[in-house]
Structures are given as C-alpha cells and as structure tokens.
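Participant:
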Amino acid sequence: MSNFAFFWFRRDLRLHDNAGLYFALNTFKQIIPVFIFDTHILNSLANKQDPRVEFICARLREMNEQLKAAGSSLFVYTGSPVEVWKKILAEYPGCAVYANEDYEPDTLKRDRQVAKFLSSRGVASFFLRDQVIFAPQDILKDDKTPYTVFTAYKRKWLQKFNLDRCEPLPIDDLFAKFYRCRPRPVPDLTSLGFIKTGYQFPTTKIDPKVIINYHKTRDYPAQPGTSRLGMHLRFGTVSVRELVQLALDLNDTWLNELIWREFFMMILYHFPHVVHHSFRPVYDGIAWRNDEKDFTRWCDGLTGYPMVDAGMRELNATGFMHNRARMITASFLSKHLLIDWRMGERYFAAKLLDYELAANNGNWQWAAGTGCDAVPYFRIFNPALQQKRFDPDFAYIKKWLPEFGSKDYPQPIIDHNLARARAIAVYKQALQK
Ligand SMILES: Cc1cc2nc3c(=O)[nH]c(=O)nc-3n(C[C@H](O)[C@H](O)[C@H](O)COP(=O)(O)OP(=O)(O)OC[C@H]3O[C@@H](n4cnc5c(N)ncnc54)[C@H](O)[C@@H]3O)c2cc1C
Numbered sequence: 087m088s089n090f091a092f093f094w095f096r097r098d099l100r101l102h103d104n105a106g107l108y109f110a111l112n113t114f115k116q117i118i119p120v121f122i123f124d125t126h127i128l129n130s131l132a133n134k135q136d137p138r139v140e141f142i143c144a145r146l147r148e149m150n151e152q153l154k155a156a157g158s159s160l161f162v163y164t165g166s167p168v169e170v171w172k173k174i175l176a177e178y179p180g181c182a183v184y185a186n187e188d189y190e191p192d193t194l195k196r197d198r199q200v201a202k203f204l205s206s207r208g209v210a211s212f213f214l215r216d217q218v219i220f221a222p223q224d225i226l227k228d229d230k231t232p233y234t235v236f237t238a239y240k241r242k243w244l245q246k247f248n249l250d251r252c253e254p255l256p257i258d259d260l261f262a263k264f265y266r267c268r269p270r271p272v273p274d275l276t277s278l279g280f281i282k283t284g285y286q287f288p289t290t291k292i293d294p295k296v297i298i299n300y301h302k303t304r305d306y307p308a309q310p311g312t313s314r315l316g317m318h319l320r321f322g323t324v325s326v327r328e329l330v331q332l333a334l335d336l337n338d339t340w341l342n343e344l345i346w347r348e349f350f351m352m353i354l355y356h357f358p359h360v361v362h363h364s365f366r367p368v369y370d371g372i373a374w375r376n377d378e379k380d381f382t383r384w385c386d387g388l389t390g391y392p393m394v395d396a397g398m399r400e401l402n403a404t405g406f407m408h409n410r411a412r413m414i415t416a417s418f419l420s421k422h423l424l425i426d427w428r429m430g431e432r433y434f435a436a437k438l439l440d441y442e443l444a445a446n447n448g449n450w451q452w453a454a455g456t457g458c459d460a461v462p463y464f465r466i467f468n469p470a471l472q473q474k475r476f477d478p479d480f481a482y483i484k485k486w487l488p489e490f491g492s493k494d495y496p497q498p499i500i501d502h503n504l505a506r507a508r509a510i511a512v513y514k515q516a517l518q519k
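So in my numbering, spot 158 of the sequence shown is number 244, and the numbers just go up one at a time.
#1: Using the beta-carbon count (16 or more within 10 Å), is Gln-286 buried or exposed?
#2: According to DSSP, which residues form a beta bridge with Ile-117?
#3: Would you check if the stretch 333-351 and the stretch 237-245 touch, i.e. whether three or more CB-CB distances between them fall below 8 Å?
#4: Roughly how many angstroms separate the alpha carbons of Lys-115 and Cys-181, rounded to a whole number?
#5: Considering just the uninterrupted stretch of the beta strand (DSSP E) at Ser-211, what are its terminal residues?
#6: Give me the Cβ distance between Ala-262 and Ala-110, rounded to the nearest whole Å; I'm assuming they're in contact under 8 Å.
#7: Using a Cβ-based criterion (distance less than 8 Å to any ligand heavy atom), does Asn-446 qualify as near ligand 1?
#8: Against chain C, with Cβ distances strictly below 9 Å, would Phe-406 count as a contact?
#9: Would Pro-392 and Phe-264 qualify as a contact pair, given that the criterion is a beta-carbon distance under 9 Å?
#10: Please report the Cβ distance between Thr-303 and Gly-311, rounded to the nearest whole angstrom; I am assuming they are in contact, meaning their Cβ atoms lie under 8 Å.
#11: Measure the CB-CB distance between Phe-280 and Glu-140 and report whether it falls below 9 Å.
#12: Please report the residue range of the beta strand (DSSP E) in which Tyr-355 lies.
#13: For Ala-186, list the residues DSSP reports as bridge partners.
#14: Of all the options Leu-226, Lys-227 and Thr-193, which has the alpha carbon lying nearest to the alpha carbon of Phe-213?
#15: In angstroms, rounded to a whole number, what distance separates the CA positions of Met-429 and Asn-409?
#16: Could you check whether the Cβ of Tyr-513 sits closer than 8 Å to any heavy atom belonging to ligand 1?
#17: Is Ser-313 near ligand 1, in the sense that its beta carbon is under 8 Å from a heavy atom of that ligand?
#18: Among all the DSSP beta bridges, which residues are the ones paired with Tyr-369?
#19: From what residue to what residue does the alpha helix (DSSP H) around Gly-397 run?
#20: Report the CB separation of Pro-469 from Ile-414 in whole angstroms; it is logged as a contact under 8 Å.
#21: Using the Cβ count rule (16 or more neighbours within 10 Å means buried), how would you classify Arg-383?
#22: Can you give me the Cβ contacts of Leu-300 inside the same chain, cut-off strictly under 6 Å, excluding the 5 residues immediately before and after it?
#23: Roughly how far, in whole angstroms, is the beta-carbon of Glu-332 from the beta-carbon of Arg-399, given that I think they are within contact range, below 8 Å?
#24: How would you write the range of the beta strand (DSSP E) that Gly-165 sits in, first residue to last?
#25: Grab the span of the alpha helix (DSSP H) containing Ser-417 for me, first residue to last.
#26: Would you check whether ligand 1 has a heavy atom nearer than 8 Å to the C-beta of Thr-289?
#27: Check whether the Cβ atoms of Tyr-184 and Ser-211 lie closer than 9 Å to each other.
#28: With a CB to CB cut of under 7 Å and the five nearest residues on each side skipped, what residues in its chain are close to Phe-121?
#29: According to the Cβ coordinates, are Asp-216 and Asp-98 closer than 9 Å?
#30: Look up Phe-123 in the DSSP assignment and say whether it is helix, strand or coil.
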C-alpha cells in the first residue's frame, strides 16, 4: 500500500482551517492536492462570461503559489470526475481520497459515483464536515425528523453548539507533507472556454465595525452594513468556523444569518423536491401568469417601482444585490407580477456571485410564500413603504437609477393595490383546490 493520499478541493478553496485537508495531512505522509473543473458544471453555464469561473481560476492560482512556496503544486484537471480519477490513479496510485461533504442533490450523486468507483479500485474515500458547523443530519427533532421551522432549528443548533464547539483546525505546520513536485499550471479561462469579465470580487477582509453594527445597518441597502462574505462562504475561501467564532464575539444577529444558511442547506438535503417544486405541494397549483414582457422588465429593472428596479440594476451591474432588495424584488416578481418564483430563482442563479442553491431556493420560496417557514401568501410587501423605511433619502435608488425622477423613468408596470388583490385571489384559489 502506498503512503500517499489525495485531497480533492471543491467548494473549500483554502489552505487553512480546512477539515478534510487537516485530517488528510494528519493521517498520511504525503498529500497530492487536486482540483477538477467538472465539465458537467462548466457546460451547464450558458453565459461564457461567468465571473464565478474567473474567481475560481484566480483562487486556484493563489493556492498554487502558496503550494509552490512549500515545494508542491496543485494538480488541476478538467473533465468528468470519475474519468479524471481514473486518469489520476493510473499515474499516481494513492490509497485514499479525502474531500469535504457537499449536501446538494447533484453533488451528493456525483460523490456517491466517485466513491463507488474509488472503492472498485481499492481506494478509500473520506468525506468530512467542513462547510457548515452542523451537517443536515446533525440537527434533528427528538423524533429524528428534520425541522421545518427556523426558530426551533436554531434553538437546537445553539444547544448543540454549546456542547460541541468547533475549533479551527490549523494546518500551517503540515505544509511539508504536500507532495513534492515541480509546479504545475492552473488552466486559464480561455482554455476552459470562458471569457474574462473584469468583475470586482469582494475581499475576505472583515471590518469588525460592520459586524458589531450589523443589527442596526443590515436593512439599509445604501449602507455598507453587511459583510459581503457570501461569495467566500460559497467557495470556501473563508472558514465558517472562524466566522461563527467572530459572530459569537461580536453580534448575535449576524450569527442568526449564518444559522439560516445551514437551515436552508438542511431543508434542501431532507426535502430535495424543493429544487423543482414548492416545499408545500399545494402551492404548485398557483395559476402563474408568467407574462414574458413583465419578466423582461423585471430582469432589466424597468418595472417603474424604484426599489425593485434599483435592486435588479445592482444585480445586473455587480453580481450582488442587497438582502433587503432581494426580498423586495423576489416578492414583487412572484406576487405583484404572478410570475413563477422558479423563473426569478434561475435569473438570480445565473447572476449572483454568491449564488448557492440552498440559500437561493430557500429564500425564493420564503419570499413567494411557497416554502417552509415562509411569508404568508397574503402578506405582500409594499415597495413604496419599503422605500420609506429602508431608503428614506433615496440614496440606493439614485445610485442605481440615474434617470429616476425624470421622464425617462417608466410608469409603474401595475398598480400596487390591484396587484395585491390579484395575488391574494390567485393564491387563495390554489389553496382551495
Ligand atoms: C430571493 C433571495 C435569494 C437569495 N439568494 C442567495 C444565494 O444564492 N446565496 C446566498 O448566500 N444567499 C442568498 N440570499 C440570502 C442573503 O440575501 C445573502 O446571503 C446576503 O444578502 C449576502 O450578503 P452578505 O454576504 O453581505 O451577507 P451578510 O448579511 O453579512 O450575512 C452573512 C452570511 O450569512 C448567510 N446568510 C445571510 N442571510 C441569509 C439568508 N437569508 N439565507 C441563507 N443564508 C444567509 C450568507 O452566507 C451571508 O454571506 C438570498 C436572499 C433572497 C431574499
């Protein structure tokens, strides 16, 4: 049996406080660090100017530099994961593959296929808990069924956390265990079939003042009042263990948001039908209007409702949208325009730098009223009142809608009261079926 193993990076692109990597380095004499550009995923991205692929390439190059300094290199491949593992094992007969767990239905399937293949070659595979404090199976009700209400889930999460604290896992002293080899290249964007976008990616630097004041500032989209770490949590360029420690020290409201993240991952894991259907099946009976012209005006930020339009323009220009605006735009699409939440969800999925299936799906269903623990269908955000409360001096609106207040800005696509009454009637009808 050889004495080296592999660590397979996926959504954990960091060389510090990484659970799978920590256990691999502590168990084996040498570790070959591997990343695979999965062609199923690359091919599914319709837009070849996708900043997220650019972000991954840049991050892999940074990691490669760190590994180079330690006399090692990242081994980067492109292809279908099982085929790539066949190729790797033919060249490097390691005896184990370590990776971190992923809880999305498609990735679970992929990991099962890879584990089966590896086992057929006598190679063990180990998947560790890393991107969450508690995996979906860790927090269950006393009767072992999953929670569907956030406050009850959170209570159990905090109880368990107090008993079972997760400490950061240092690997700095283990760098000598990376496989010694000449540096290998990380493919550039063009060779992957993608084009540079020039997007500005958020930094991993955290301003403690933002976290300390989070509960006071997080709802005002014109203020830099949130962490902007979503993309880094998505790709694992920060460690959730470190963030939870920071949240415990600085702000409970921010901790709450990190728990919401795990709540929606848990929902997706236990109720995978939510990917294509409403969490509550009765809502699949809603008679959506799905008007194409209305949808295009929503996408382009031309509905004549400034809070909605500012949010959509922010998203289109930067790949980010403030959470308050995400709630308003999602509610507006599903309730005011009666457009199937899945169309909006897909639009966000294509555009958000921090796009994450569990959080996007969970929050869309929350806003559309079709999800677990969701806004009741008859509670309909009034965009004008939202503006008065959360953008009282129009700072956010003016930033994203330069033509606001001029004749170039469109008239409202629909009257608010009319839309509200129509949505309530249509949702009610579905519930009566
Ligand atoms: C319709 C809609 C779609 C959304 N889609 C996504 C998505 O694809 N990916 C995503 O990470 N978040 C999504 N969110 C949740 C939230 O809007 C973003 O996490 C947040 O705006 C990101 O900004 P931030 O990094 O500054 O987060 P902060 O406000 O600083 O929060 C810290 C982290 O906590 C997590 N978080 C915060 N709020 C939520 C929440 N409501 N649900 C789950 N996790 C949360 C995120 O990981 C976030 O980065 C969505 C919300 C709505 C209403």
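C-beta: ideal position from N, C-alpha, C; glycine also.
Facilitator: Judging by the given coordinates:
#1: Here residue 286 is taken as the residue at index 200 of the sequence shown, counted from 1. It counts as exposed.
#2: Here residue 117 refers to the residue found at position 31 when the sequence shown is read from its first residue. DSSP, once it has assigned bridges, lists Ala-91 and Phe-264 as partnering Ile-117.
#3: At 8 Å Cβ cutoff, the stretches touch.
#4: Taking the sequence shown and counting its residues from 1, one reaches residue 115 at position 29. Taking the sequence shown and counting its residues from 1, one reaches residue 181 at position 95. Whole-angstrom Cα-Cα distance: 12 Å.
#5: Within the sequence shown, residue 211 is the residue found at index 125, counting from 1. Per DSSP, Ser-211 belongs to the beta strand (DSSP E) from 210-214.
#6: Numbered from its first residue, the sequence shown carries residue 262 at position 176. Numbered from its first residue, the sequence shown carries residue 110 at position 24. Between Ala-110 and Ala-262 the Cβ distance is about 14 Å, and since that is not below 8 Å, they are no contact.
#7: Within the sequence shown, residue 446 is the residue found at index 360, counting from 1. Result yes, Cβ under 8 Å from ligand 1.
#8: Reference to chain C is not applicable here, since this structure consists of a single protein chain.
#9: Numbered from its first residue, the sequence shown carries residue 392 at position 306. Numbered from its first residue, the sequence shown carries residue 264 at position 178. No, they are not a contact pair.
#10: Numbered from 1 along the sequence shown, position 217 holds the residue referred to as residue 303. Numbered from 1 along the sequence shown, position 225 holds the residue referred to as residue 311. Contact flag correct, Cβ pair sits at about 3 Å.
#11: Counting from 1 along the sequence shown, the entry for residue 280 is found at position 194. Counting from 1 along the sequence shown, the entry for residue 140 is found at position 54. For Phe-280 and Glu-140, yes; Cβs fall inside 9 Å.
#12: Working through the sequence shown from its first residue, we reach residue 355 at position 269. Counting along the chain, Tyr-355 falls outside any beta strand (DSSP E), though it belongs to the alpha helix (DSSP H) covering 338-356.
#13: Locating residue 186 in the sequence shown gives position 100, where the first residue counts as 1. A small correction: the amino acid at residue 186 is Asn; Ala does not occupy that position in the sequence shown. According to DSSP, Asn-186 bridges with Leu-214.
#14: What you label residue 213 is simply residue 127 of the sequence shown in a count that begins at 1. Distances from the alpha-carbon of Phe-213 to those of Leu-226, Lys-227 and Thr-193 put Thr-193 closest.
#15: Your numbering for residue 429 matches position 343 in the sequence shown. Your numbering for residue 409 matches position 323 in the sequence shown. Straight-line spacing of the CA atoms in Met-429 and Asn-409 works out to 19 Å.
#16: Counting from 1 along the sequence shown, the entry for residue 513 is found at position 427. Every heavy atom of ligand 1 is 8 Å or more from the Cβ of Tyr-513, so no.
#17: Along the sequence shown, read from residue 1 onward, the residue named residue 313 stands at position 227. Within the cutoff, so yes.
#18: Your numbering for residue 369 matches position 283 in the sequence shown. Paired residues: none, contrary to the question.
#19: Here the question's residue 397 lines up with position 311 in the sequence shown. For Gly-397, the uninterrupted alpha helix (DSSP H) segment begins and ends at 392-404.
#20: For the purposes of this step, residue 469 is identified with residue 383 of the sequence shown, where counting begins at 1. For the purposes of this step, residue 414 is identified with residue 328 of the sequence shown, where counting begins at 1. About 6 Å separates the two Cβ atoms, so the contact holds.
#21: In the sequence shown, counting from the first residue as 1, residue 383 sits at position 297. Looking at its Cβ environment, which holds 16 or more other Cβ atoms inside 10 Å, Arg-383 is buried.
#22: Position 214 of the sequence shown, counted from the start, is the residue given in the question as residue 300. Reading the sequence as shown, one finds Tyr at residue 300 and not Leu. If the five residues before and after Tyr-300 are omitted, its C-beta is found closer than 6 Å to the C-beta atoms of Asn-337, Thr-339 and Trp-340, all from its own chain and listed in chain order.
#23: Counted from its first residue, the sequence shown places residue 332 at position 246. Counted from its first residue, the sequence shown places residue 399 at position 313. Sequence check: residue 332 is Leu here, not Glu. Going by Cβ atoms, the distance from Leu-332 to Arg-399 rounds to 32 Å, so no, they are not a contact pair.
#24: As a first step, residue 165 must be located in the sequence shown, where it is residue number 79. Taken as a continuous stretch (DSSP letters only), the beta strand (DSSP E) holding Gly-165 covers 161-165.
#25: In the sequence shown, the residue the question calls residue 417 occupies position 331. Its alpha helix (DSSP H) spans residues 409-417.
#26: Stepping through the sequence shown from its first residue, residue 289 is reached at position 203. No, the Cβ of Thr-289 stays beyond 8 Å of every heavy atom of ligand 1.
#27: Here residue 184 refers to the residue found at position 98 when the sequence shown is read from its first residue. Here residue 211 refers to the residue found at position 125 when the sequence shown is read from its first residue. Contact flag set, yes.
#28: As a working note, residue 121 is residue 35 in the sequence shown. Taken in chain order, the residues that qualify are Phe-95, Leu-146, Leu-160 and Val-162.
#29: As a first step, residue 216 is located in the sequence shown; it is residue number 130 there, counting from the start. As a first step, residue 98 is located in the sequence shown; it is residue number 12 there, counting from the start. The answer is yes: Cβ separation under 9 Å.
#30: Numbered from 1 along the sequence shown, position 37 holds the residue referred to as residue 123. In this structure, Phe-123 counts as strand in the three-state DSSP scheme.
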